[in-house]
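A short write-up of the structure that comes next.
Protein chains in written order, with our numbering: chain A, 111 to 362; chain B, 839 to 1132; chain C, 18 to 388.
Right, dumping it as structure tokens:
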């Protein structure tokens, strides 16, 4: 059974069908790409999957559970975490604390235990620090743990966002243009990191991307969106050679 | 009959609020700041008229001119000295606190010059009261003048913003400062002009307010300033028709609340209505609803 | 490596918190020393308890403005709610229990009532943003003040009587007494407040706020401040944590109110003490001390409370000068040009220094909180 099962997902904004009859099926452990020209509705799909928007029609199932119309935080608790096209870090907090916020729901103690510093506070905080440092190490960010997130270079900010999303212990990770604004070197490094995350965390990943090198390099399957509708779906190699896709990208 | 006269008084007070709220809303629209000192510019306008007319015994028309000129210059100076340097500050709170500082400054300067005693302001309105329905309905000259000036100002301002180049520049700057600059609009000049107009309106509001409620202290402007701010938010801050509607509604609610519910509770009623409106329409009656893009 | 880093991180904030407590205690000891040596005028002595009240208000407002990142202009309203709840309790219970216990319960009650108001107001209000939130909190503050002014409560052998009209409509029996008398407020609240109690309450407030900020819940609150959408996407309950910060902030303001009420023989709700002007004054402390900087709030509350007194020699000009100093300080601290200029000076003349102070000033200037 597929981990993520999406059926005829549709949403309109003021008469415009931003996403129309969208289908998707991703198996556990897959690295899946969602591509398409600007304005095709890719980010809207992410927003629908994460509960930022409620779909007009359609069903979203994660691991067999219907999560359609849940609130964002409950979708995260159900197992979907994401990153954002325009990086959204907690800029005035330390790198370590950014990840620790991601650990919020898995490492709990009561507010009063926190204020009055019960032994449980120290125990859980220590666990959180250890877990957060492990995650930071994966992304080669452990040296910068004490920095303010705002002071990280761009590429590292993108990585921190992925680390934070992983901290919530998701079943499915959504990456919205992770390579945007990166130079070829950084992109190459990012590809390795994404592959590493897929293997090491046994993670299922859905990513939106413009960079064809990255897409063809790491995605096993692709869905191409154009004007809110699916243009084609299938194995990466087949999709990229599809004349329809080439037309959509390059124009007539 | 008394209901109608309350209603007329409400519209009159509301017109004053609307004129002040216009200044608030224009400045907010263009500089994205709450000009807490706006209410105190009203007070300065009141004192300017008071000095010319009551102290020196000169004709009221001269008082009006002097008040408008003084407030216009004052508004522009405040903008230049206190607000402009903070336009790109890291937090919008910086300019808010500075505005509070300017408010303290104006109040305490007035306190030094004019003293803390309440001045009784002689009305500068010489229009006779209007007696309607065989004398049952008595509308004071101040009320008539206030409502008429309110209408004139609103029409002029709407025409100015929609029909003149400077007005269009204002709209452009309030929409997007950077883009307006690229289109060759003098952003600094436009912002200064907005402050000038807002302060001139405050001067007019000052003398209307003092003519209708003839007591003047350095703190006269504070509460009407806050109420007008409420009116601007009520109507949808940044919107000129919104400020007019908000101001007039607020005036009516205040007067009717005083008359029929409780005079001590009038302010609470005004604020409660504001809260209810904002809970139903989080950006006010005519405010645009902007959703954050994810 | 990882372990040492996390330890280092923890000890850094612990150290900073410790400095704050130490600062308060040292100032307390100095003041006690001055009083004992007779070096303090009665005027200054009279300022000590209000100073504690302002510090508590500033520190608690900083939780809302700096840590949660929402602009509130109604903080004095919560202080008002706490003051009247505490004074009401003390007036009713005077003589029927030990004074210290009664005052302690009054403090807790004031915190609870103000905190409850915080939740009640917070539920509808915290959906709003920025300036809209500011004006609605201002409106709520004014409503609380206004309601207290028309509130009449009396007690006789039949129990409590309540009215919103006047004292006569309470219909008290001969043995009855009016406890809250509308605009005349509450008279004869026992004078329990002292500088020592004030300082103790400051330390408790600091303990609560600083430990909250450095806990799981504090991080959740700050994550909402920095990026609400991202916080939601990783499972942070926005409403819960906004309400938590807002109500804790209100509760501490309530405690400050109880202290205020027990420092005066007559408690009335005036624009001066519980109006929006008071809320604004507290906000000035917070912004000038550095948004989100708890220790800064304390220092600026002290300086700005003492400043008018130090300027007393200038008599009539003192408030004018206060206003000018305020504007000048804002321009110097926040104007991008002034910041650049200060930076240049530092680089030219103090380039050898690479102190932590410069770093913290830089991050403070970046402006946390409300944007």
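Built from N, CA and C at the ideal position, the CB exists for glycine as well.
Own chain, CB closer than 6 Å to residue i, minus 5 neighbours either side, in chain order
| i | result |
| --- | --- |
| residue 887(B) | 901, 905 and 1045 |
| residue 377(C) | With a pLDDT of 39 at residue 377(C), under the threshold of 50, the predicted position of this residue should be treated as unreliable, though the coordinate-derived value follows. Excluding residues within five positions, none has a Cβ falling inside 6 Å. |
| residue 256(C) | none |
Residue i at chain A interface by Cβ criterion, 9 Å
| i | result |
| --- | --- |
| residue 389(C) | Residue 389(C) is absent from the model: chain C starts at 18 and stops at 388. |
| residue 225(C) | yes |
| residue 320(C) | no |
| residue 309(C) | yes |
| residue 280(C) | no |
| residue 229(C) | yes |
| residue 267(C) | no |
| residue 234(C) | yes |
| residue 32(C) | no |
Limits of the unbroken beta strand (DSSP E) element including residue i
| i | result |
| --- | --- |
| residue 178(C) | 176-180 |
| residue 87(C) | Looking at the DSSP string, residue 87(C) is not in any beta strand (DSSP E), and its letter there is neither H nor E. |
| residue 196(C) | 194-198 |
| residue 131(A) | 126-136 |
| residue 167(A) | 167-172 |
| residue 944(B) | Segment 931-952 is the alpha helix (DSSP H) holding residue 944(B); no beta strand (DSSP E) there. |
| residue 1119(B) | Segment: none, residue 1119(B) is in no beta strand (DSSP E) and carries neither H nor E. |
Contact belief for residue i with residue j at Cβ below 8 Å, rounded distance in angstroms
| i | j | result |
| --- | --- | --- |
| residue 75(C) | residue 303(C) | 6 Å |
| residue 319(A) | residue 143(A) | 6 Å |
| residue 916(B) | residue 940(B) | 6 Å |
| residue 99(C) | residue 127(C) | 4 Å |
| residue 217(A) | residue 237(A) | 6 Å |
| residue 41(C) | residue 220(C) | 6 Å |
| residue 200(A) | residue 239(C) | 7 Å |
| residue 80(C) | residue 259(C) | With 8 Å as the limit, residue 80(C) and residue 259(C) do not qualify as a contact, their Cβ atoms being about 11 Å apart. |
| residue 1030(B) | residue 871(B) | Residue 1030(B) to residue 871(B), Cβ: 14 Å. No contact. |
| residue 207(A) | residue 236(C) | 6 Å |
| residue 972(B) | residue 1050(B) | Not a contact, Cβ separation roughly 25 Å. |
Proximity test, Cβ basis, 9 Å: residue i and chain C
| i | result |
| --- | --- |
| residue 310(A) | no |
| residue 225(A) | yes |
| residue 128(A) | no |
| residue 183(A) | yes |
| residue 250(A) | no |
| residue 116(A) | no |
| residue 203(A) | yes |
| residue 1110(B) | yes |
| residue 211(A) | yes |
| residue 123(A) | no |
| residue 1071(B) | yes |
Test: residue i CB closer than 9 Å to a CB of chain B
| i | result |
| --- | --- |
| residue 71(C) | no |
| residue 207(C) | no |
| residue 277(C) | no |
| residue 238(C) | no |
| residue 144(C) | yes |
The alpha helix (DSSP H) enclosing residue i, as first and last residue numbers
| i | result |
| --- | --- |
| residue 258(C) | 255-278 |
| residue 55(C) | Taken as a continuous stretch (DSSP letters only), residue 55(C) belongs to no alpha helix (DSSP H), as it is neither H nor E. |
| residue 191(A) | No alpha helix (DSSP H) holds residue 191(A); the beta strand (DSSP E) holding it covers 190-192. |
| residue 122(A) | Element bounds for residue 122(A): not the alpha helix (DSSP H) but the beta strand (DSSP E), 114-123. |
| residue 335(C) | 335-351 |
Other residues of its chain near residue i: CB distance less than 8 Å, five sequence neighbours each side excluded
| i | result |
| --- | --- |
| residue 190(C) | 173, 174 and 175 |
| residue 919(B) | none |
| residue 293(C) | 90, 91, 93, 155, 158 and 159 |
| residue 137(A) | 112, 113 and 314 |
Cut-off 7 Å between Cβ atoms - residues of its own chain near residue i, not counting five sequence neighbours on either side
| i | result |
| --- | --- |
| residue 111(A) | 174 |
| residue 342(A) | 334, 349, 352, 354 and 355 |
| residue 267(C) | 95, 131, 132, 134 and 135 |
**Study point:** Proximal residues, the stretch 1091-1104 of chain B versus chain C, C-beta separation under 9 Å
**Key:** Taking 9 Å as the Cβ-Cβ cut-off, the stretch 1091-1104 of chain B approaches chain C at 1100, 1102, 1103 and 1104, given in chain order.
Check your understanding: Using Cβ-Cβ distances below 9 Å, what residues of the stretch 146-172 of chain A are close to chain C?
Key -> Cβ contacts with chain C: 160, 161 and 162.
Review point. Taking any Cβ of chain A, which residues in the stretch 243-254 of chain C have a Cβ under 8 Å from it, in chain order?
Key: Listed in sequence order: 243, 244, 246, 247, 248, 249, 250, 251, 252, 253 and 254.
Check your understanding: What residues in the stretch 333-365 of chain C bring their beta carbon closer than 8 Å to a beta carbon of chain B?
Key -> Closer than 8 Å at the C-beta level to chain B, one finds these residues of the stretch 333-365 of chain C: 333, 334, 336, 337, 339, 340, 341, 343, 344, 347, 348, 350, 351, 352, 353, 354 and 355.
Point to revise | chain B contacts made by the stretch 150-169 of chain C, where a contact means CB separation under 8 Å | key: For the stretch 150-169 of chain C, the set of residues with a beta-carbon nearer than 8 Å to any beta-carbon of chain B comprises 151, 152, 153, 155, 156, 157, 159, 160, 163, 164, 166 and 167, in chain order.
Point to revise | Under 9 Å (Cβ pairs) to chain C, residues found in the stretch 937-950 of chain B | key: Cβ contacts with chain C come from 938, 939, 940, 941, 942, 943, 944, 945, 946, 947, 949 and 950.
Exercise for review: With 9 Å as the limit, tell me which residues of the stretch 265-287 of chain A have their beta carbon closer than that to any beta carbon of chain C; keep them in chain order.
Suggested key: From the stretch 265-287 of chain A, only 271, 274, 275, 277 and 278 have a Cβ closer than 9 Å to chain C.
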